[in-house]
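Contents: one structure, followed by commentary.
Below is the structure:
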C-alpha cells in the first residue's frame, strides 16, 4: 500500500514538472493568440520568444488585449481596449484622433484620408468650420472601417476681410491623415459565413462626396445582392458582386457581424458603404 502511494506521488511530480516545462505565456492580440515566453514588457511593446526559439520578437501594445502568464497572472492592456467599434460611416463619432505616431504602431493601416471645410462668409465662426472639417474626416475613416486617424497635416486660415482692392475670404480648414483600425474583419470567419449564405438583403447605400459636408444615404433600387466570390488580399477581405448601378464589382468588407455585412469602395468623387443584411 505504501509503495503504491509513493509511486503515485512520483508520477504526479513528474507530470507537474513536465507541464511546467511545456507551459507558455499567451498573448491575446486583436486577431490571434500567441503562445510564447515573455522576455520584457516595455512602455511601447512586449518582447517575446516563440517556443523552442531564441530569437526575440516584438509586438506593440496597441494590438494586445491581454497576456495570460504561465504563472496564472493576467495583465490587460488599456491601449487596445480603448478603441471603439465602427460599423459604417454612421459611427463616425467612435473614431478617435491622434497626432502621436507611436499611438498607431501595431495597428492596421487602411488608407489616406483628407477633408476641407470653408466658411460661407467672412465672419464665419472658425471653430465651427474646424468641427465640420473634422467630422468629415472621421466619416471618411469610419466608412473605410477605421476607428483611429493619425493626423499628418492640419491647416487653418482665419477670416480675411476685404478692402477696396481685395475681396474678403472666409475661414478655411484642411486636414490630412491616415486611417487605421485595431481589428480587421476575419477572413476565416467570413469564409464560414459565405459557405452557408451567398445572397444578402440590400439595406442601404451611404456615400460621402469630395465636396459633401455630411454623410448621405439612399434606398437601394434592388432588394438582394448576391456575392459571387471572395478573396483574402494582404489580410483584407474582398468580395465580387454584380450590383446594378455600381461601377465596380469588387468591394472590400469593412465590417461584418451576425446582423450585417458592410462593403466599401471609392472612386475619384465619392466613398461608398453598401450595407447588407444577413
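Residue numbers (the working numbering): 554 to 831. Backbone N, C-alpha and C define an ideal beta-carbon position, used for all residues, glycine too.
With 16 or more other CB atoms across the displayed protein chains lying within 10 angstroms of its CB, residue 641 is buried. Contact check for residue 598 against residue 613 passes: the beta carbons are separated by less than 7 Å.
Looking at the DSSP output, residue 733 shares a beta bridge with 662, 701. Residue environment for residue 608: exposed (fewer than 16 other C-beta atoms within 10 angstroms of its C-beta).
In the three-state DSSP reduction, residue 827 falls in the strand class (E or B). Counting along the chain, residue 768 sits inside no alpha helix (DSSP H), nor does DSSP assign it H or E at all.
By alpha-carbon distance to residue 690, the top candidate from 603, 796, 768 is 768.
Residue environment analysis places residue 620 among the buried positions, since at least 16 neighbouring C-beta atoms fall within 10 angstroms of its C-beta.
Around the beta carbon of residue 734, a 10 Å sphere encloses 16 or more other beta carbons of the protein chains shown; the residue is thus reported as buried. In this structure, residue 738 sits away from residue 804, with a CB-CB distance that is not shorter than 7 Å. Distances from the alpha-carbon of residue 653 to those of 639, 778, 706, 671 put 706 closest. Residue pairing by DSSP places residue 789 opposite 786 in a beta bridge.
With a cutoff of 7 Å on beta-carbon distance, residue 787 and residue 700 are scored as not near each other. Only residues of its own chain outside the window of five on either side were considered, and among them 697, 698, 699, 732, 733, 734 have a CB closer than 7 Å to the CB of residue 663, listed in chain order.
Here residue 576 carries a coil assignment [DSSP, helix/strand/coil]. About 4 Å separates the CB atoms of residue 726 and residue 686; that is less than 8 Å, so the two are in contact. Residue 649 sits in a strand when the DSSP states are folded into three classes. Ranked by Cα distance from residue 618, the options 648, 580, 591, 589 are led by 580. From the listed residues 616, 822, 831, 800, the smallest Cα separation to residue 815 is found for 831.
With a contact defined as Cβ atoms closer than 8 Å, residue 824 and residue 740 miss out at about 22 Å.
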